[in-house]
Amino acid sequence: MSHRRLKLQGILQLIILGTCLHAVFAVNTLVLVDTLATRETHSIFLKSLQERGHEVTVKAADDPSLQLSRYGEYIYQNLVIFAPGVEEFGGALSVEAIVEYVDEGGNVLVGGSRDAADLIRELVTEVGVEMDEEGAAVIDHLHYDANDAGQHTLVAAPSSGLIDSTVMVGTKGGAPLLYRGTGLITDADNPLVLPVLRAPSTAYCYNPANAISDYPHATGGNLSILMILTHKSMLFLLINGNLDFSNIFLLS
1 MSHRRLKLQG
11 ILQLIILGTC
21 LHAVFAVNTL
31 VLVDTLATRE
41 THSIFLKSLQ
51 ERGHEVTVKA
61 ADDPSLQLSR
71 YGEYIYQNLV
81 IFAPGVEEFG
91 GALSVEAIVE
101 YVDEGGNVLV
111 GGSRDAADLI
121 RELVTEVGVE
131 MDEEGAAVID
141 HLHYDANDAG
151 QHTLVAAPSS
161 GLIDSTVMVG
171 TKGGAPLLYR
181 GTGLITDADN
191 PLVLPVLRAP
201 STAYCYNPAN
211 AISDYPHATG
221 GNLSILMILT
231 HKSMLFLLIN
241 GNLDFSNIFL
251 LS
């Protein structure tokens with residue numbers, strides 16, 4: 001698969017997120033990170049938000065001064081959580097506070113990882129989405145990038161797996177979307193959760209370091225990579241199974 005073709009996936013992935021953020025997110029956006037170095041490694045993504053009119057504040061997820069509201073009013077209309085390794089939120093922030101924030105009309109983007117901490121897993125479970133077990137990665141022995149290290153976890157997901165919505169993803173093209181991370185699972189009967197990008201039918205989720213001893217928890221059609229929770233007033237909580245919004249990944 002050519003480098004030029006895969007470069008398109010990074011742009012398309014940014015459009016998917018950027019479209020949703022631009023459409024429903026307001027002005028003040030708090031970005032929580034594991035380390036403040038993310039400000040540099042994810043500068044393209046952060047700049048894309050600023051170009052869409054966001055006033056972006058970046059803080060460590062365990063910062064003791066964290067708060068979403070002051071004097072009964074929310075300070076931020078949007079919350080981006082790029083801190084899959086955080087064990088405990090700082091300040092007045094908690095899973096309960098974030099769920100209440102969503103219930104009150106706040107918008108949230110959560111980036112996960114194969115090794116996401118229990119705190120992040122608890123948060124996404126509260127909104128009806130399950131991350132596969134720790135260490136599990138989406139694997140596809142047919143749809144993988146030429147730069148894959150050999151475990152076939154650098155998946156080139158066909159654009160045919162995108163949700164049929166021009167508002168969210170535009171017109172579907174032929175370029176694949178590069179992905180590396182864990183799988184997302186939800187209740188098929190939950191009408192509020194929409195898979196934006198499904199994994200290929202040949203994909204499954206498992207720890208690539210282990211021999212397969214039982215049937216994978218998530219496979220093919222029931223395995224998602226990016227999900228949106230539609231909520232009050234058509235707001236969104238976006239959940240992605242990996243944190244590869246970094247400059248290197250978006251430009252790969």
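For the sequence shown, UniProt numbering gives the first residue as 1, with consecutive numbering after it. Every residue gets a Cβ at the ideal spot worked out from N, C-alpha and C, and that includes glycine.
On the three-state DSSP scale, how would you describe residue i?
i              : result
methionine 234 : Reliability of the predicted coordinates at methionine 234 is poor, the pLDDT of 49 falling under 50, and the value obtained from them is presented with this limitation in mind. Helix.
Mind reading off the beta-carbon distance from residue i to residue j? Whole number of angstroms is fine, and I expect it under 8 Å.
i              : j                : result
glutamate 130  : threonine 186    : 7 Å
leucine 119    : valine 95        : 7 Å
glycine 106    : glutamine 67     : That pair is no contact at about 13 Å.
cysteine 205   : alanine 157      : With 8 Å as the limit, cysteine 205 and alanine 157 do not qualify as a contact, their Cβ atoms being about 13 Å apart.
isoleucine 212 : methionine 227   : Actually they do not touch by this definition, with Cβ atoms about 25 Å apart.
aspartate 132  : phenylalanine 89 : Not really, about 23 Å apart at Cβ, beyond 8 Å.
Measure the C-alpha to C-alpha separation of residue i and residue j and round it to an integer number of angstroms.
i             : j             : result
serine 165    : alanine 199   : 17 Å
alanine 188   : threonine 219 : 14 Å
serine 65     : glutamine 77  : 18 Å
arginine 180  : serine 224    : 12 Å
threonine 85  : alanine 37    : According to the sequence provided, residue 85 is glycine. The question's threonine does not apply to it. Their backbone Cα atoms lie some 14 Å apart in a straight line.
serine 48     : arginine 39   : 13 Å
glutamate 104 : valine 33     : 23 Å
histidine 42  : histidine 217 : 31 Å
If you count every other CB in all the chains shown that lies within 10 Å of the CB of residue i, and 16 or more means buried, which is it?
i             : result
residue 305   : This structure does not reach residue 305, given that the chain is present from 1 up to 252, and the question cannot be answered.
tyrosine 215  : exposed
threonine 153 : buried
glutamate 27  : Contrary to the premise, residue 27 reads as valine rather than glutamate in this sequence. Classification for valine 27: exposed.
histidine 141 : exposed
arginine 70   : exposed
Are the CB atoms of residue j and residue i within a distance shorter than 9 Å?
i             : j             : result
aspartate 145 : valine 138    : no
leucine 197   : threonine 230 : no
glutamate 55  : threonine 35  : no
valine 99     : threonine 57  : no
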